[in-house]
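Numbering (the numbering used here), first residue to last: 7 to 296. Glycine is no exception: its CB is placed at the ideal position from the N, C-alpha and C atoms. Bear in mind that the values here come from a model prediction, so they are computed numbers and not experimental data.
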Amino acid sequence: ATASLTGLPWVHNDFDVPINRILHTSCPHYYRYGQEGETEEEFATRMAEDLEAMILKEGPETVAGFIAEPIMGAGGVLVPPRGYFDKIQPILETYDIRFIADEVICGFGRTGNWFGTTTMGMKPHSISMAKAITSAYFPLSALTIEEDLYQAMLDESRKLGTFGHGFTYTAHPVGCAVALKTIEIYQRDKIMEHAAKVSPVFQSRLARLGEHPLVGETRGVGLIGAIELVADKASKRSFAPKHMIGAATIKMMEENGVILRNIQDSIAFCPPLIITTDEIHDMFDRVEKG
């Protein structure tokens with residue numbers, strides 16, 4: 007089920023997933039999937055209409071929840087079009103569908119706020135989080151739920167005499183201690199405020215990479231971003247997969263002292279939240295040189 011929930015094709019390839027009862031709606035990437043002459047808002051409207059059509063076809067009473075990242079991280083740092091969540095949320099409310107936000111990447115400062123849901127104007131019923139909850143010094147994840155869900159879990163557990171969905175390492179005391187200290191440091195050192203302060207410099211330098219003839223799009227929010235490499239800028243034509251341009255690009259970047267990640271031919275940037283403006287300029291100077 008976990009592998010089915012992701013929309014990443016390379017997770018599905020050669021495995022018997024996604025399972026039938028997990029559906030994926032249209033990818034809200036305006037640069038790639040916007041139609042000719044379609045504005046960003048019109049694209050967002052079409053994405054919302056596609057979701058509603060899928061819900062109605064499936065049967066609203068059978069849909070348990072809608073899961074989305076504020077910004078799609080491992081999918082290529084895909085930023086939803088303006089108004090996307092404003093259009094999605096009323097549909098979920100109409101059909102009484104739970105909205106679950108995946109904050110594993112965006113949570114704890116990445117977008118300049120504690121959570122990406124705040125940055126993107128999302129109002130989820132539940133939030134999953136990990137990674138920066140311990141600043142990645144210890145493996146830990148957490149889930150928030152609303153009172154009615156908690157009460158339902160409590161009621162059923164009392165009937166059975168146990169909560170049957172626990173795990174061996176649930177509420178690991180070391181992990182929880184590391185998370186508490188991490189959050190304390192975030193607050194003490196005003197890490198969120200710092201990330202918000204330097205983000206405009208980061209986004210400005212990222213956007214400047216769009217002037218390169220092989221960069222089709224730059225995209226990002228806060229201290230996360232990506233560039234998409236293309237063979238032809240005018241037509242948005244991608245490179246043939248066999249050329250592995252993204253992998254070759256990050257290898258060149260490493261030779262210039264910058265460690266990045268390629269997601270196919272998108273190059274992702276996700277610097278430390280404590281990065282300074284001087285370090286941002288140094289990083290992008292090295293990227294431009296590479």
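**Through-space distance from residue 88 to residue 261, alpha-carbon basis** = Here residue 261 refers to the residue found at position 255 when the sequence shown is read from its first residue. Here residue 88 refers to the residue found at position 82 when the sequence shown is read from its first residue. One C-alpha to the other measures close to 37 Å.
**Cβ contact check for the region 60–75 and the region 18–25: 3 or more pairs under 8 Å** = Taking a cut-off of 8 Å for Cβ pairs, the region 60–75 and the region 18–25 do not touch, as fewer than three such pairs fall below it.
**Asked** Whole-angstrom Cβ separation of residue 83 and residue 246, contact assumed at under 8 Å?
**Response** Here residue 83 is taken as the residue at index 77 of the sequence shown, counted from 1. Here residue 246 is taken as the residue at index 240 of the sequence shown, counted from 1. Between residue 246 and residue 83 the Cβ distance is about 22 Å, and since that is not below 8 Å, they are no contact.
**Request:** Spatial neighbours of residue 32 within its chain, please: CB distance less than 6 Å, with the 5 preceding and 5 following residues excluded, ordered by chain position.
**Result:** In the sequence shown, counting from the first residue as 1, residue 32 sits at position 26. Here the set comprises 53, 56.
**Request:** Would you kindly check if the distance between the Cβ of residue 109 and the Cβ of residue 91 is under 9 Å?
**Result:** Counting from one through the sequence shown, the residue named residue 91 turns up at place 85. Counting from one through the sequence shown, the residue named residue 109 turns up at place 103. No, they are not a contact pair.
**Prompt:** What is the DSSP secondary structure of residue 214, reduced to helix, strand or coil?
**Reply:** By 1-based counting over the sequence shown, the position of residue 214 is 208. Three-state DSSP puts residue 214 in a helix.
**Message:** Tell me which residues share the same chain as residue 239 and place their Cβ nearer than 7 Å to its Cβ, disregarding the 5 neighbours each side in the sequence.
**Reply:** Locating residue 239 in the sequence shown gives position 233, where the first residue counts as 1. Taken in chain order, the residues that qualify are 219, 222.
**Message:** Classify residue 170: buried if its beta carbon has 16 or more other beta carbons within 10 angstroms, exposed otherwise.
**Reply:** Position 164 of the sequence shown, counted from the first residue, corresponds to residue 170. Around the beta carbon of residue 170, a 10 Å sphere encloses fewer than 16 other beta carbons of the protein chains shown; the residue is thus reported as exposed.
**Request:** Entirely within the region 226–261 and at least 3 residues each: give me those beta strand (DSSP E) ranges in chain order.
**Result:** If we require 3 residues or more, the beta strand (DSSP E) runs fully inside the region 226–261 come out as 230–235.
**Nearest-angstrom Cα separation, counted from residue 86 out to residue 37** = Counted from its first residue, the sequence shown places residue 37 at position 31. Counted from its first residue, the sequence shown places residue 86 at position 80. About 10 Å.
**Asked** Mind checking residue 194: buried by the 16 CB within 10 Å criterion, or exposed?
**Response** Numbered from its first residue, the sequence shown carries residue 194 at position 188. Exposed.
**Asked** Among 93, 244, 214, which residue has its Cα nearest to the Cα of residue 46?
**Response** Looking up residue 46 in the sequence shown gives position 40. It is 93.
**N- and C-terminal bounds of the alpha helix (DSSP H) containing residue 283** = Position 277 of the sequence shown, counted from the first residue, corresponds to residue 283. That run of the alpha helix (DSSP H) goes 283–295.
**Prompt:** Going along the chain, which residues of its own chain have a beta-carbon closer than 7 Å to the beta-carbon of residue 289, five neighbours each way excluded?
**Reply:** Along the sequence shown, one-based indexing puts residue 289 at 283. Excluding sequence neighbours, residue 289 sits near 264, 277.
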